[in-house]
Amino acid sequence: MSGLLAARSQMGTSLVFHIIFSVLGVGIPLLLCLAEGMALVRKDPVWMTLARRWAKAAVIIFAIGAVSGTIVEFELGLLWPTYIKFIGAVIGPLFAFEGFAFFLEAIFFGIYMFTWDILPPFWHWVTSFPIWIGGLASTWFIVTTNSWMNTPTGFVFKNGQLTGIDSLQAIANPSTPYETVHMALACYVACGFGVAAIYAIAMLRGKRDDYHRKGLMLALAMATIATPLQIVSGDFNARYLATAQPSKLAAMEGVFKTSSHVPLHIGGIPDEKTGTFILAIPIPDGLSLLATYSPDGVIRGLDSYPPQDRPDPVPVHLAFDGMVGSGFFTLFVALVFWFLYFKRKRIIPEHKLLLMGVALSGLLGFLAVELGWIVTEEGRQPWAIYGQLRTSEAVTTAPFLGASFLLFVLIYLILAITMTVLLLRQARTPLPEMTWEKVSSGTQPHNTAINQTMKVGS
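See the structure below:
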């Protein structure tokens, strides 16, 4: 395995795992905040029990996600020293800001978990807000860094030297609003469907009580609200690429020749040798209409770039179609669920086929996130920083990268297994007797479980 391939494989594997922890770390705190708010408004012990359960899960995910994120930051310096030197000089403050957001989240996690019986219920609920806001802020700072890699601004690179550095201009690069909004919504979509899938599977196994119904309903509500917004943001994002990164758009849609009246290809495999698609469904003028609002709109093709500057359209197009297909399937399932819910006068539908669709949507939601990052990263190749630093120039020259790749894969497998075991253990803990007085006052044995969770997480 070449050094470049080993480094990219290691980084890709790390991000495949870490993004799951990140998505859950952004979505679950919002869910527990909503559940506790519902409990206070309705004085409903079921909502409060959901909030307490999700809080325990959130602590486990936060602790393991912190370890995973530390490894990713370590790998950046280990594998991409030239990239770190470049990015640190221009947009390094973002990593410091992300650290502040992380500590805000960690501090209020501690306050939230250990003050169930100390703070008044309303003020305890208020302490959950910095948790989900801190998680969202961390995502914004990290994704902004990636945005800058796609449209680098705030510096002048001449004769191998960085001059005229303006970090604020770099942070406000043109891609930031598109990528950050898209990723934040993706977290809520994937986490919502993922949590809903857990309760759907439990209901398929016969657990049709109020606890599982409400857990399914709230998670699916969050996903349903976020999914259409996610699709709209994705449309704006793709249209923006037509001018900001036309090579990425060309790879996403398999556009080989610059022309007007460009069709939109659904599915299929682009063939660079022939400049055509295999087994695709073409929509005449579709891409020109979507990107420019006119069938006469010109789309820049891969032929306008030297061969060494072109991304590979096969993985980019397949990943893009997989992402879009997964998103529309999950939206369809959610719309059917809510149609039946309101048709039956707010009775949660429990059809076996529908619950299986929700369970599958949980998997597809996370698959869409993974495929979306493949589109973002593979579509930027061969550049680590678009138009400025090639990936081949950013990689380390250190030996034994193949062994390092295998070692880090093992570490992430251990982290994934650990998280799964701990979450399953929490899920199998019997539910307490649910009365509002007992659940809200903390007389149920929640504190012992919380203490054990915090010890495991630390």
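According to my numbering, the sequence shown holds residues 3 to 460 in order. Where is the CB? At the ideal position from N, CA and C, for every residue including glycine. As the structure is a prediction and not an experimental result, all values here were calculated from the model.
### Task
Kindly indicate if chain C contains any beta-carbon less than 8 Å away from that of Asp46.
Here there is only one protein chain, and chain C is not present.
### Query
What residue does the beta strand (DSSP E) around Trp385 start on, and which one ends it?
Along the sequence shown, read from residue 1 onward, the residue named residue 385 stands at position 383. First-last of the beta strand (DSSP E) with Trp385: Trp385 to Ile387.
### Message
Taking only three categories from DSSP, how would you classify Ile271?
### Response
In the sequence shown, counting from the first residue as 1, residue 271 sits at position 269. Of the three classes helix, strand and coil, the one that applies to Ile271 here is strand, per DSSP.
#### Entry: Cutoff 8 Å; reference Phe111; Cβ partners in own chain excluding five residues on either side
On the sequence shown, position 109 is the one that residue 111 refers to. The residues are Ala60, Val61, Phe64 and Ile133.
#### Entry: For Arg392: DSSP bridge partner residues
In the sequence shown, counting from the first residue as 1, residue 392 sits at position 390. Answer by DSSP bridge pairing, in chain order: Trp385.
### Message
I believe Gly39 touches Gly137 by the beta-carbon criterion, under 8 Å. Please report the beta-carbon distance rounded to the nearest angstrom.
### Response
Working through the sequence shown from its first residue, we reach residue 39 at position 37. Working through the sequence shown from its first residue, we reach residue 137 at position 135. About 17 Å separates the two Cβ atoms, so there is no contact after all.
### Query
Looking at the structure shown, is Ser130 part of a helix, part of a strand, or coil, going by DSSP?
Reading the sequence shown from its first residue, position 128 is the one you call residue 130. Ser130: coil per DSSP, three-state reduction.
#### Entry: DSSP three-state assignment for Leu292, whether helix, strand or coil
For the purposes of this step, residue 292 is taken as residue 290 along the sequence shown, with counting starting at 1. Note: Leu292 maps to helix in three-state DSSP.
### Message
Extract the residue ranges of the alpha helix (DSSP H) inside the region 93 to 119, only unbroken runs of 4 or more that lie entirely within it.
### Response
95 to 116
### Query
Which stretch, first to last residue, makes up the alpha helix (DSSP H) that contains Leu250?
For the purposes of this step, residue 250 is taken as the residue at position 248 of the sequence shown. Looking at the sequence itself, residue 250 is Lys, so the reference to Leu does not match. Looking at the DSSP string, the run of the alpha helix (DSSP H) that includes Lys250 is Pro248 to Glu255.
#### Entry: DSSP three-state assignment for Ile165, whether helix, strand or coil
For the purposes of this step, residue 165 is taken as the residue at position 163 of the sequence shown. The identity of residue 165 in the sequence shown is Thr, whereas the question assumes Ile. It is a strand residue.
### Query
With a Cβ-Cβ cutoff of 8 Å, do Ala225 and Tyr190 count as a contact?
Locating residue 225 in the sequence shown gives position 223, counting from the first residue. Locating residue 190 in the sequence shown gives position 188, counting from the first residue. For Ala225 and Tyr190, yes; Cβs fall inside 8 Å.
### Task
Pick out whichever of Leu17, Asp168, Glu395 and Thr165 has its Cα sitting closest to the Cα of Glu75.
Taking the first residue of the sequence shown as 1, we reach residue 75 at position 73. Looking at the Cα atoms, Leu17 is the closest of the given residues.
### Task
Enumerate, from N- to C-terminal direction, the unbroken alpha helix (DSSP H) stretches of 4 or more residues contained entirely within the region 296 to 365.
315 to 345
### Query
Leaving out five residues before and five after Ala53 in sequence, what residues of the same chain have Cβ atoms less than 7 Å from its Cβ?
Mapped onto the sequence shown, residue 53 falls at position 51. Within the same chain, Ala53 has close Cβ partners Leu34, Ala37, Glu38 and Ala41.
### Query
What does a CB cutoff of less than 6 Å around Thr155 pick up in its chain, not counting 5 residues either side in sequence?
Counting from one through the sequence shown, the residue named residue 155 turns up at place 153. Taken in chain order, the residues that qualify are Gln171, Ala172 and Asn175.
### Task
Determine the closest residue to Phe116 out of Ser130, Phe105, Pro297 and Gly299, with distance taken between C-alpha atoms.
To locate residue 116, count along the sequence shown from 1; it is residue 114. Ranking Ser130, Phe105, Pro297 and Gly299 by Cα distance to Phe116 puts Ser130 first.
### Task
Tell me whether the beta-carbon of Ile22 lies closer than 8 Å to the beta-carbon of Ala91.
Position 20 of the sequence shown, counting from 1, holds the residue named residue 22. Position 89 of the sequence shown, counting from 1, holds the residue named residue 91. Not closer than 8 Å, so no.
### Task
Count the other CB atoms, across all protein chains shown, that sit within 10 Å of the CB of Ser177; report buried if there are 16 or more and exposed otherwise.
Translated into positions along the sequence shown, residue 177 becomes position 175. The residue in question, Ser177, is buried, as its Cβ has 16 or more Cβ neighbours within 10 Å.
### Query
In terms of residues, what are the limits of the alpha helix (DSSP H) holding Val264?
As a first step, residue 264 must be located in the sequence shown, where it is residue number 262. Looking at the DSSP string, Val264 is not in any alpha helix (DSSP H), and its letter there is neither H nor E.
### Message
Mapping the DSSP letters down to three states, classify Lys45 as helix, strand or coil.
### Response
Translated into the one-based positions of the sequence shown, residue 45 becomes position 43. Reduced to three states, the DSSP call for Lys45 is coil.
### Query
Taking just the CA atoms, how far does Pro230 sit from Leu6?
For the purposes of this step, residue 6 is taken as the residue at position 4 of the sequence shown. For the purposes of this step, residue 230 is taken as the residue at position 228 of the sequence shown. Going from the Cα of Leu6 to the Cα of Pro230 covers about 38 Å.
### Task
In the DSSP assignment, find the unbroken alpha helix (DSSP H) run with Phe407 in it and report its ends.
Counting from 1 along the sequence shown, the entry for residue 407 is found at position 405. It spans Leu403 to Ala429 - the alpha helix (DSSP H) in which Phe407 sits, taken as one unbroken run.
### Task
Given a cut-off of 8 Å, decide if Ala370 and Met325 are closer than it, judged by their beta-carbon atoms.
Position 323 of the sequence shown holds residue 325. Position 368 of the sequence shown holds residue 370. It is a contact, given that the beta carbons lie within the stated cut-off.
### Query
Per DSSP, Thr278 forms a beta bridge with which residues?
The residue given as residue 278 occupies position 276 in the sequence shown. Looking at the DSSP assignment, Thr278 forms a beta bridge with Asp273.
#### Entry: DSSP beta-bridge partners of Val158
Position 156 of the sequence shown, counting from 1, holds the residue named residue 158. BP columns for Val158 point to Thr165.
### Query
Which stretch, first to last residue, makes up the alpha helix (DSSP H) that contains Pro179?
If you number the sequence shown from 1, residue 179 lands on position 177. Thr178 to Leu206 is the span of the alpha helix (DSSP H), which, as asked, contains Pro179.
### Message
Quick test of your reading: His263 and Pro297, contact by CB under 8 Å. State the CB separation rounded to the nearest angstrom.
### Response
Sequence index remark: in the sequence shown, residue 263 carries index 261 (1-based). Sequence index remark: in the sequence shown, residue 297 carries index 295 (1-based). Right, the Cβ-Cβ distance comes to about 6 Å (below 8 Å), so this counts as a contact.
### For Lys209 and Leu415, the rounded distance between their alpha carbons
Taking the sequence shown and counting its residues from 1, the one referred to as residue 415 is at position 413. Taking the sequence shown and counting its residues from 1, the one referred to as residue 209 is at position 207. If you take the alpha carbons of Leu415 and Lys209, they lie about 31 Å apart.
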